[in-house]
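For the sequence shown, this note's numbering assigns the number 34 to the initial residue and increments by one for each residue that follows.
C-beta atoms are modelled at their ideal positions from N, C-alpha and C, and glycine is treated no differently.
Keep in mind that this is a model prediction, so the values were computed, not measured.
Take a look at the structure below.
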Amino acid sequence: MSERFRVVPVAAHESAFGDETDGDTVFDAAGVCEGERAERRGSVPILEYSREPNKYGDGNPRESSPFIHNTDDYKGTLYDGKNMALFEEEMDSNPMVSSLLSKLANYTNLTQGVREHEEADEDEGAKKKTVKSPQMGTFIGVYLPCLQNILGVILFLRMTWIVGTAGILESFIIVSMCCSCTMLTAISMSAIATNGVVPAGGSYYMISRSLGPEFGGAVGLCFYLGTTFAGAMYILGTIEIFLTYIVPSAAIFKAEEKALEAEAMLNNMRVYGTCCLTLMAVVVFVGVKYVNKLALVFLACVVLSILSIYAGVFKTIFEPPIFPVCLLGNRTLQNHGFDKCMKTEIIDNETVTTRLWALFCDGPELNASCNEYFSLNNVTVIQGIPGLTSGAISENMWGTYGPAGMMVEKDLPSVPAIDSSQDKDMPYVLNDITTFFTLLVGIYFPSVTGIMAGSNRSGDLRDAQRSIPIGTILAIATTTIIYLSCVVLFGASIDGVVLRDKFGDSVKGNLVIGTLSWPSPWVIVIGSFFSCCGAGLQSLTGAPRLLQAIARDGIVPFLEVFGHGKANGEPTWALLLTALICESGILIASLDAVAPILSMFFLMCYLFVNLACALQTLLRTPNWRPRFKFYHWTLSFLGMSLCLALMFISSWYYALVAMLIAGCIYKYIEYRGAEKEWGDGIRGVSLNAARFALIRLEEAPPHTKNWRPQLLVLLNLDTELSVKHPRLLSFTTQLKAGKGLTIVASVLEGTYLTKDTEAKQAEQNIKSAMSAEKTKGFCHVVVSSNQRDGISHLIQSAGLGGMKHNSVLMAWPTNWRQSNDPQTWKNFIETVRETTAAHLALLVAKNVDSFPHQERLSEGTIDVWWIVHDGGMLMLLPFLLRQHKVWRKCKMRIFTVAQLDDNSIQMKKDLQMFLYHLRLNAEVEVVEMHDSDISAFTYEKTLVMEQRSQMLKQMQLSRTEREREAQLIHDRNTASHAALNDKADAAPERVHMTWTKEKFFTERNRNREQNATMAVRDLFNMKPEWESLNQSNVRCMHTAVKLNEVVVNKSQGAHLVLLNMPGPPKNRGGDENYMEFMEVMMEGLNRVLLVRGGGREVITIYS
C-alpha cells in the first residue's frame, strides 16, 4: 500500500514571520524529504494524506464504510501540523474525527441486484457514479412490499377449503400459530436489522453474519430453495386459475373417464406450467426493471381483490348472491352437466326427465335403470352463500376430515344404498386428497411467508432502522387480521359443502372465494391471476440474486460459477439454475404437494433468525445494540420452538429432509474450510463454552483415567523460516489422532519490534506444515532474546487454564557434535531440566526424519525398554500410536532389565499380569544384565569424551588455536593407543572428536574376539592412562555401552524403540558428557523415542 504525505504551505495569519516559501515539499511514507530541507518562515505546514484503495482479499463485496478501515481517498482531508503534531505519525490508520464524521454523513449502502454493474467502476481511473440517496419511507418501502408478498395464492385458492375442512375453530388455530410464528420472527428480525446497517441480501445477510458462514451458507441455500419453490407454487396457482376458472376449454389433456380427470389435470399443469416458467424466465432475463414497474399493478390487484371480498361479505347481510347448490340426498353434486336441479319436470302437461336424470340412469325413459342411491333419494337445492346472518357459522365450527375419494356431504337425512360400487363414477363432489390437520398447516403456512421483503430493500429506505420494524410488524398485524377475519367471515357466510368444494364444482366451476366477491366473481379471478403472476415473477427475480450473493461470498466453492452474470451484473447462470429447480416443482404439478416443501425451507430460515437473535441477546456481545428495543430472548426462543414444531407438524419427513440438506451443506462448508470471520454468534457461543469448560477444568487436575498427552511440540526453523523436521508433526498426528491439546511452537531470536514480520511468516509456514501433515492444534511463535529463554517462556506459559500441555515433544539435536555453537546442546539439556522442574513429560525423537509419514507400516514391532518406572508413559504411548492407521499392524513388545539378584522368571509373570490388568496386549521379555568388568572399549570411549570436553572448554582460544590443540590431542591419543586402534586413515581437514558407527562396531567385535590373556595384557598396558579418568563417567559410559548392546541385539529391526531417558547431571559441568552417554545408548538404532515421565501416574488398572 503506497502512502504519501504532502506538505502544503498555508499562510499563517498570526505568525511572526512574514516570508512565504514557494513550491510544495513532498515526503514519502518514511518522512524523507524529496527536496531540500528548507526552513519555512511564513507558512504553517499542512499535511495532506492520500492512500491507494485497498483490495480486499476475501472476495466479499464491501460497502463503503465511514470507519477506520475506509479505503476511499482522503482528498481534502487537512489538519494543522502544529495542533495535531502528536498524532500525525498515526494519521494513516487513525483519521481525524472530522474526517470520520464527514464520511459517516455521506454514507450510502448499495442494494444488491440494482447496482452490481457498478463493480466495473472500481477500475483505476474510472469516474465514480453519483449514487442517489434512498428516499423510500416505511409505507412504500416496507409495508406495501410485505403486504404484497404475504397475501397471495393460498388466500385465493385454498383458504375457503381449509376453513371448510378444518372448521372455523381449527382454522383459527392454524392461522394463529402461523401468524404468531411470523410475528415472533419479525420481532427477532427487527432487532437484528436495527443492530447496524443491513446491506442487501436481507435474511441471508442477517443469518450469515449472526451465525457464521456454515449456518449462513446452509440456511441461505434453504432460503433460496424456499424462494424458488415459492415461484413454482405461484406458477402452479396461475395455471390452476387459468385452466379451472378462466379458460377450462384450453386443457390439452382431457379425461374420458371421471377417474382419470385428476391425472389429466396434472399433465395440463405440467405443460402449461413449463411454458409459463419459460416465459417468466425470459421476462426476468430481458429486464428486471419491467418486473419492478409492474409490482404496483400486481399489488393493486391484491388490494382490490381483498376489498371486493369484504364488500361481498357485508353485502350478503342484505342481499346474498344467488349460487344454488344441488344435493342428492345429503351428497353434493357437480353442477356441470345439467341445468336444473330436479329429476323430472312437467312440460306441456307431460313428465319428462332432465339432464340430471341422464347422468344417473341408462336412458331418458322414466322406467330406465338408475343408480340405486339416485332412486332412493330426492334432490334438493340449497343456497351456496346463505349470508352472514344465516347461522352457517355454527354448522362450520368443526372440521370434517376424510380420505381421498370421500364425498362432500351435508348434514341431512338420506337413504343409504346397498350397492355403492358405481358411486365413484357419478358426478359427486369428492375429496381429491386425504385431509388431516397437519397437512392443512403445511399447505397454509406459505400464505404467511414474505415477511423479509422489507429487510431485503434496506438499502432503498430513507431510515431502514426505523422503517423495517414498523413496516414489517404492521404488515404482519394487518395480514393476521385479514386472515383471521376471513376465517370467521367465510365460515359464517358460505355453506359448508361449498367451502369443502376445493375447485367450485358445485357452483358451476366458479372460484369459491369469487362467489362471495362484489361486484362480480371475475374481480377475484382476474385479480388473483395477476397476483400469482406477479408473485411468480418476483420469486424468479429474487431467488437468483440470493444465490448470486451466496456465491459471491465464496463460502460454498461449487457455487462460485453462479456469482457471475451479464455485464450489468444480472445473474444469468443463477437464473438458469433457479428455472431448473423451479421446473422440478412444476413437474410435481400439485399445489398441495409443493406448499409443504417450501414451508419447510421458510420455517428453517425463520428458525435461524430467531436463534440468531436469542444467541446475540444471551451472549451480550458488545456490538449487540439494536435500536428496536421491544425484543427479548424468550420471545426469540419461543419463535424458534414454534418454527421447529410447525416443521414437524406440517410434515415430519419433509422436515427431516430439509434438515438433512442443511446439515450436509453445513458440514461441506466446514470441511472445505470457511475462511470467513463475520463476528458471528456461533463463535461467541464457542468462546463462552470454552471459557466455561476452562474454568471447570481448572478446578481440579485430571484423573489418571482421563490423562492423555497434551503436547507442546517444539519445532526448529531453518534460515528461510520453514520447518526443519515436518515428520515431527506427522508423529504428533499419529500420537494424538485429533484428540486433546496440541500446541506447535517455535522460537525466533531477536526483539518483537524488529522480528514481527518474520514471526508472522514463521507462524504461517508452521500452519501450512500442520495442514500438510494433518495436525490439528494451535500455533505459537515467540520472539525472544535467545532460544533458551524463549523455550522456557513457552514451557511456563503456553496453554490456558486447564488446557495446558503436560508433555513436551522435540527432536534430538542430531549434529550437536559438529556444531561450532555449544549453545545447541546446552539449550537441549536446559529444556530437559526445565520440563523436569515443571513436572512435564518429555518425548525426544531421534532420527525423526526417518519416521513414517502417511504410509502404513508393514507388520513389525514397537519395542518398549522399561528400565525405570516413571508413571507408565512407556506403556501408554505405544497403545496410542497403534490407534492410528500407520502403526496399526505393529505389535507391542515390552523388555525389562533384570539385575543379578532379580528373579527374572517371577518378573516376567508379574509383568504379564500387570499388562493383563492394564488391558494391553504385548509380548513380554526379561533381559538379564549381569555385572561385568568394564571393558577397554568403555575406558577408551570415556577417555576420548573427557579429552574432547577439555578441549572445548578452552573458549578463550581462537578457533585456529582450538583446532591446532585438538589436532595435537588427537595425535598424542593415536600414538599412545596404537595397540588398540586400527590403522588410522588420512587425517581429514576438519577433526571430529567422535566415534563413528563403523569404528564402534569394529572395536566392539575386536574386543569380543580377543582372548582373555590379551585383554588382561591390554588393560595392564593402558591402565596408566585411565587412572586420571573420572570414575563416575566411566561407570555411566559402561551402563550406556552395555544397555546399547542389549537393545541393539533385541530391537535393531523394530519400527520404533522407546527408551527411558535418564535425567541430566545436577552438576552442569558434565552436560556434554551426558550428551555423549545418550548418543552411545542410542547408537545403531534407527527410530528412537526417549521418554521421560512427568512425575505422575498416567495409566491405571482400574476402570
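| Query | Result |
| --- | --- |
| GLN797 versus CYS214: straight-line alpha-carbon distance, rounded | 47 Å |
| Alpha carbon of SER825 to alpha carbon of LEU648, nearest angstrom | 41 Å |
| Buried or exposed by the 16-neighbour rule on C-beta atoms within 10 Å, applied to LEU720 | exposed |
| ALA878 versus LEU761 - alpha carbon distance | 8 Å |
| Supposed close pair LEU833, LEU727 - CB separation, criterion 8 Å | 6 Å |
| Residues bridged to LEU361 (per DSSP) | ARG364 and VAL412 |
| Close Cβ partners of MET216 (< 6 Å) along its chain, the five nearest in sequence each way excluded | ILE509 |
| Reference SER500, options ASN1100, PRO178, PHE562 and GLU731, closest by Cα | PRO178 |
| Residue ranges of each beta strand (DSSP E) within the stretch 362–449, 3 or longer | 377–380, 383–386 and 412–416 |
| ARG533 and GLY270 closer than 7 Å at C-beta | no |
| Of the residues SER453, PHE470 and LEU544, the one placed nearest ILE279, counting alpha carbons only | LEU544 |
| Segment contact flag, the stretch 170–184 with the stretch 329–346, C-beta cutoff 8 Å, min 3 pairs | yes |
| Contact test: LEU613 Cβ vs the ligand FMN heavy atom, cutoff 6 Å | Within the structure as shown, the ligand FMN is missing, as the structure has no ligands at all. |
| Limits of the unbroken beta strand (DSSP E) element including HIS813 | 811–817 |
| Closest residue to ILE1132 among LEU651, TRP845, GLY417 and PRO911 (Cα-Cα distance) | PRO911 |
| Residue range of the beta strand (DSSP E) that includes VAL1124 | 1121–1125 |
| Nearest-angstrom Cα separation, counted from ARG705 out to GLU863 | 42 Å |
| Those residues which DSSP pairs with LYS924 across a bridge | THR894 |
| Residue interval of the beta strand (DSSP E) (run including LYS879) | 874–879 |
| Nearest residue (CA-CA) to LEU747, options LEU876, SER480 and LEU389 | LEU876 |
| Assigned secondary structure, LEU1187 (DSSP; H/G/I helix, E/B strand, else coil) | There is no way to answer for residue 1187, as the model of the chain reaches only from 34 to 1136. |
| Distance, ALA486 Cα to TYR305 Cα | 28 Å |
| Cβ contact (3+ pairs, closer than 8 Å) linking the stretch 402–415 and the stretch 443–459 | yes |
| Host beta strand (DSSP E) of VAL280 (start-end) | Careful: VAL280 lies outside any beta strand (DSSP E) and carries neither H nor E. |
| Residues sharing a beta bridge with TYR461, DSSP | LEU366 |
| Secondary structure of SER779, DSSP reduced to three states | strand |
| Where MET1173 falls: helix, strand or coil (DSSP) | This structure cannot settle anything about residue 1173, because the visible part of the chain is limited to 34 through 1136. |
| Whole-angstrom C-beta distance between VAL1090 and ASP896, which should lie under 8 Å | 5 Å |
| The alpha helix (DSSP H) enclosing ALA955, as first and last residue numbers | Counting along the chain, ALA955 falls outside any alpha helix (DSSP H), and DSSP gives it neither H nor E. |
| Inter-residue spacing [alpha-carbon to alpha-carbon] between TYR89 and PHE286 | Note on TYR89: pLDDT 35, under 50, position unreliable in the model; the coordinate value appears next. Each residue's alpha carbon lies about 57 Å from the other. |
| Cβ contact (3+ pairs, closer than 8 Å) linking the stretch 628–641 and the stretch 192–207 | no |
| Candidates LEU254, ALA265, GLY1096 and GLY253, of which the one nearest LEU624 by Cα | ALA265 |
| At least three beta-carbon pairs within less than 8 Å, the stretch 389–396 to the stretch 427–445 | no |
| Proximity winner among GLU383, LEU592 and MET1094, relative to THR869 (alpha-carbon distances) | MET1094 |
| Residue burial classification, TYR237 (beta-carbon count within 10 angstroms, cutoff 16) | buried |
| CB contact flag (CYS646, ILE225, <7 Å) | yes |
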